[in-house]
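Worksheet: the structure to be examined is printed underneath.
2 protein chains.
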Amino acid sequence: MLIVQKYGGSSVANAERIMNVARRITKTFNAGNQVVVVLSAQGDATDEMLAKANELNPGASKRELDMLLATGEQQSVALMAIALHKLGSPAISLNAIQAGIHASSKYGNARIKSIEPERSTAELERNNLVLVAGFQGVNRYGDLTTLGRGASDTTAVALSAVLGADYCEIYTDVDGVYTADPRSVKNAKKIDCISYDEMIELASLGARVLHNRSVEMAKRYRIKLVVRSSMSEAEGTLVNKEGSTVEKNHVSGLAVDLDVARISVMGVLDRPGMAYQIFSLLAKDKISVDIILQSIGRNNTKDISFTVTKADLRPALDILDANRELIGFDMVSYDDTICKLSVVGAGMASNPGVASMMFEALYDCGVNINMISTSEIKISVLIDAHAADLAANTVHDKFINNNIEIKGRQA
Amino acid sequence: MLIVQKYGGSSVANAERIMNVARRITKTFNAGNQVVVVLSAQGDATDEMLAKANELNPGASKRELDMLLATGEQQSVALMAIALHKLGSPAISLNAIQAGIHASSKYGNARIKSIEPERSTAELERNNLVLVAGFQGVNRYGDLTTLGRGASDTTAVALSAVLGADYCEIYTDVDGVYTADPRSVKNAKKIDCISYDEMIELASLGARVLHNRSVEMAKRYRIKLVVRSSMSEAEGTLVNKEGSTVEKNHVSGLAVDLDVARISVMGVLDRPGMAYQIFSLLAKDKISVDIILQSIGRNNTKDISFTVTKADLRPALDILDANRELIGFDMVSYDDTICKLSVVGAGMASNPGVASMMFEALYDCGVNINMISTSEIKISVLIDAHAADLAANTVHDKFINNNIEIKGRQA
Chain L
4 MLIVQKYGGS SVANAERIMN VARRITKTFN AGNQVVVVLS AQGDATDEML
54 AKANELNPGA SKRELDMLLA TGEQQSVALM AIALHKLGSP AISLNAIQAG
104 IHASSKYGNA RIKSIEPERS TAELERNNLV LVAGFQGVNR YGDLTTLGRG
154 ASDTTAVALS AVLGADYCEI YTDVDGVYTA DPRSVKNAKK IDCISYDEMI
204 ELASLGARVL HNRSVEMAKR YRIKLVVRSS MSEAEGTLVN KEGSTVEKNH
254 VSGLAVDLDV ARISVMGVLD RPGMAYQIFS LLAKDKISVD IILQSIGRNN
304 TKDISFTVTK ADLRPALDIL DANRELIGFD MVSYDDTICK LSVVGAGMAS
354 NPGVASMMFE ALYDCGVNIN MISTSEIKIS VLIDAHAADL AANTVHDKFI
404 NNNIEIKGRQ A
Chain W
4 MLIVQKYGGS SVANAERIMN VARRITKTFN AGNQVVVVLS AQGDATDEML
54 AKANELNPGA SKRELDMLLA TGEQQSVALM AIALHKLGSP AISLNAIQAG
104 IHASSKYGNA RIKSIEPERS TAELERNNLV LVAGFQGVNR YGDLTTLGRG
154 ASDTTAVALS AVLGADYCEI YTDVDGVYTA DPRSVKNAKK IDCISYDEMI
204 ELASLGARVL HNRSVEMAKR YRIKLVVRSS MSEAEGTLVN KEGSTVEKNH
254 VSGLAVDLDV ARISVMGVLD RPGMAYQIFS LLAKDKISVD IILQSIGRNN
304 TKDISFTVTK ADLRPALDIL DANRELIGFD MVSYDDTICK LSVVGAGMAS
354 NPGVASMMFE ALYDCGVNIN MISTSEIKIS VLIDAHAADL AANTVHDKFI
404 NNNIEIKGRQ A
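Heads up: the protein sequence lines correspond to chains L and W, in order.
With the first letter of the first sequence counted as 1, position 152 gets the number 155 in this note's numbering; the numbers rise by one all the way through.
With the first letter of the second sequence counted as 1, position 229 gets the number 232 in this note's numbering; the numbers rise by one all the way through.
The structure is reproduced here in structure tokens:
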């Protein structure tokens, strides 16, 4: 088999962990597999480089930051090759230029456009373990770009697609995908199998175990993704076309996203095109809006509320302020002490029982709901950030630990 | 003018020094020059990476070490670009792949073979300061190779040649080339002007201020080299076709090399081909031999003595031992507590006065001479390492501080 493995920064943070990963890679290789390994930068290496850059110039150019940060993964792959050689395993390290990972030119948040696999394939044919620097690509100018935080997952999935890997294994510091974050939800359980769509929702809702784009890409190319721990031999979670949870119509997981701020634009004239005007102004400045809620009009005005990331709160408020006359509104209010709690499960949101169970759970623990948003496979509510842990535990216990199947959707 | 500047690792060791260098570069740029800057890795960065590699595997492959170490210079150029942008100076950083620095495949000690200057030229035409990672090249496999310790000087000279620079300025932590190492010879003086040949001898004899190969390349392409301090505004030393010291027939400098070990092969049969046999065996294992001395034969045998670097002492002894029967000798002795003291000056060694003055100085301070070697522009003696400082100061004072011109060679 051809297996692509990806190890995160904490798995290669020091010599002991590097040797541990090297032994694991060697085991897979000695079992007769071809292995391609994607690595992140060591532990805090990226943060340390950012601090150095920030000391010199808080407004460092993204092109130069990418040039700087890309060295972190190059160091990881070189060190891992050195460790593998110590174990007698043949290995060669490649940076993004050598591995032919072509990306767009948007420094700091580029997308992989194509991969020329010739060098990797040639090294595999020479019976080498191929170690590829994650998180980076080369653009059409021959310059290094980085793919955004956590994007080494995406590098691994893209390589899996191009090389036709049988499995793409994402090694992390937890032993799989959980029904909720085990650090805050005490009864959280490991999921054995989950569908791409559910995983995409969980990832984008704040479950930090897999990079959002990597799951979307895995779905598109039907890559079998396995999430498992680099520290244990546990089986991990398989992300695949059909998850077992889908068939049972269970809620598959719960996620809490603390990086949320709510903005309400009050007293907007109730006529067509107002929402378009607000959100096109925000989009022009690359501000992503998540949940949008519009009140029912009264006195010929309405209120429009939406959520953004905390980093985008200030810029969004500035844009609204600068365009007050153009849009025409009474006032803007905001709240950055909230969080988004979501439950995810295939087909669940179309079932009224799920929403009411969630609201019941929140009522049980006395948590007030600020906004509600639903989609085909998730329900999200905005609640007070201080209530996040209490609400997550209560909702999780109600849905997942009681193993309640959703009414009327029995298989 | 087009000026290439090279700054060493100590000049970019921390944020304060990087900003200091950035100001200096900006000053040259704002004076209306095109500027290309070659940088080394920050301070101890290279040693720290080597320590990491060594912890994993003391026998790390050179290919992977080069992959690892090349990140040091890439970090330096990215950080410098970030600092220059802070000062409002346009700058772009390039690694060896981007700067088109093609090198041979001998990992760890590659040679620059050619430079494709297109990217650098294009960036200069866009009015950018171009920052190039020193010490590295890319070989025909697309892999990174390093050019040997101190070889960022060579990168700077090679770029000067290809781009047709008017000056190549080597910035270091001393303000020029000295007649001897100022740390051990108290009366050492800065040299204003020195010829290529004298500088080559001084560099290869242990004066660590310029990389040996860089001076050879500067001579070949007639690059005007300037050695000066990144910490002061002092004028520095000009290395050029004709040094003023040449015209005056002075001894231009003195160097002490502590990295020397002597091996003597005793009782070799006195017949043709014996020296060839010994040195071809050593050459096959890439052991460089410096001074060679052969005793006058007695009883149909002779002794052959030579010097190697300390790192090559053990391997050389092993080779001799393994080939004892082939070569045929009585015994081998060695001494690694010696050093090589050399005086350099154009045309001096052909003048008997210089050698005798040197021997007189050593006699004055009671230092015994172990071996003697002369060339057209230098005289080297092997002496006890403990006597290095005493001998260097005495010889230096005799030749250079007395400003004695060599007899019979007056201009």
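Beta carbons: idealized from backbone N, C-alpha and C, even for Gly.
Sequence-distant residues of its chain with Cβ nearer than 7 Å to residue i (five each side left out)
i: W:N131; result: P93, A94 and I95
i: W:S247; result: Interpretation of W:S247 is limited by its pLDDT of 47, a score under 50 that renders its predicted location unreliable; the figure taken from the coordinates is listed afterwards. Same-chain partners within the cutoff: D195 and C196.
i: W:G140; result: A99, I104, H105, A106, A113, I115, T148 and L150
i: W:D339; result: A264, K313 and L316
i: W:R20; result: S14
i: W:L285; result: V292, A319 and I322
i: W:Y224; result: A164
Cβ-Cβ distance between residue i and residue j below 8 Å
i: L:L97; j: L:L72; result: no
i: L:V263; j: L:G179; result: no
i: W:V418; j: W:G167; result: Because residue 418 of chain W is not part of the residues shown, which for chain W are 4 to 414, the question remains open.
i: W:A102; j: W:R122; result: yes
i: L:L59; j: W:A18; result: yes
i: L:D156; j: L:K289; result: no
i: W:I330; j: W:I295; result: no
i: W:V38; j: W:F32; result: yes
i: W:A154; j: W:H214; result: yes
i: L:V218; j: L:M234; result: no
i: W:Y110; j: W:R143; result: no
i: W:K192; j: W:Y174; result: no
i: L:A391; j: L:L205; result: no
i: L:F402; j: L:V292; result: no
i: L:I380; j: L:I341; result: no
i: W:T74; j: L:Q77; result: yes
i: W:S79; j: W:S108; result: no
i: W:L82; j: L:K55; result: yes
i: L:M22; j: L:A86; result: yes
i: W:V177; j: W:V212; result: yes
Sequence-distant residues of the same chain with beta carbon closer than 6 Å to residue i, five excluded per side
i: W:G270; result: T304, F332 and D333
i: L:V188; result: A395, N396 and H399
i: W:E119; result: G103
i: L:L383; result: Checking the displayed sequence, the identity of residue 383 of chain L turns out to be Ser instead of Leu. Closer than 6 Å at the Cβ level, and outside the excluded window around L:S383, lie K343, S345 and S376.
i: L:M4; result: N36 and D169
i: L:V7; result: V39, A159, L162, S163, A168 and C171
i: L:L393; result: C368
i: L:A358; result: I382
i: W:A221; result: V160 and L228
i: L:A63; result: A56
i: L:A16; result: Q45 and G46
Residues that DSSP places opposite residue i in a beta bridge
i: W:R231; result: W:Y174
i: W:M374; result: W:L385
i: W:L296; result: W:S308
i: L:L3; result: What the structure shows of chain L is the stretch from 4 to 414, and residue 3 of chain L is not part of that stretch, so it cannot be assessed.
i: L:Y337; result: L:I266
i: L:T240; result: L:V230
i: W:C368; result: DSSP, once it has assigned bridges, lists no residue as partnering W:C368.
i: W:V347; result: W:G256 and W:K381
i: L:Y224; result: Per DSSP, none; premise fails for L:Y224.
Beta-carbon proximity list for residue i, same chain, < 8 Å, skipping 5 on both sides
i: L:I266; result: S308, F309, T310, V311, L316, A319, L320, L323, V335, S336 and Y337
i: W:T240; result: G179, V180, K193, I194, D195, C196, I197, V229, V230 and R231
i: L:Q429; result: Because chain L in this structure spans residues 4 to 414, residue 429 of chain L falls outside the shown range and cannot be described.
i: L:V347; result: E201, E204, L205, L208, V254, S255, G256, L257, A258, I380 and K381
Using a Cβ-Cβ cut-off of less than 8 Å, list which residues of the stretch 52-69 of chain L approach chain W; keep chain order.
M52, K55, A56, E58, L59, N60, G62, A63, S64, R66, E67 and L68
Secondary structure, beta strand (DSSP E): runs of 3+ residues fully inside the stretch 43-121 of chain W:
94-97, 104-106 and 115-118
Unbroken beta strand (DSSP E) runs of length 3 or more, entirely within the stretch 119-199 of chain W: which are they?
132-136, 139-141, 147-149, 170-175 and 196-198
Quick one: complete beta strand (DSSP E) runs, 3+ long, within the stretch 253-291 of chain L?
256-260 and 264-272
Going along the stretch 84-106 of chain W in order, which residues come within less than 7 Å of chain L, judged by CB to CB distance?
A84, I85, A86, H88, K89, S96, I100 and Q101
Give, in chain order, every residue of the stretch 71-82 of chain L whose Cβ lies closer than 9 Å to some Cβ of chain W.
L71, L72, A73, T74, G75, Q77, Q78, V80, A81 and L82
Report the residues of the stretch 19-30 of chain W with a CB closer than 9 Å to any CB of chain L, ordered along the chain.
I21, M22 and A25
Selection of the stretch 134-145 of chain W by Cβ proximity to chain L, strictly under 8 Å
G145
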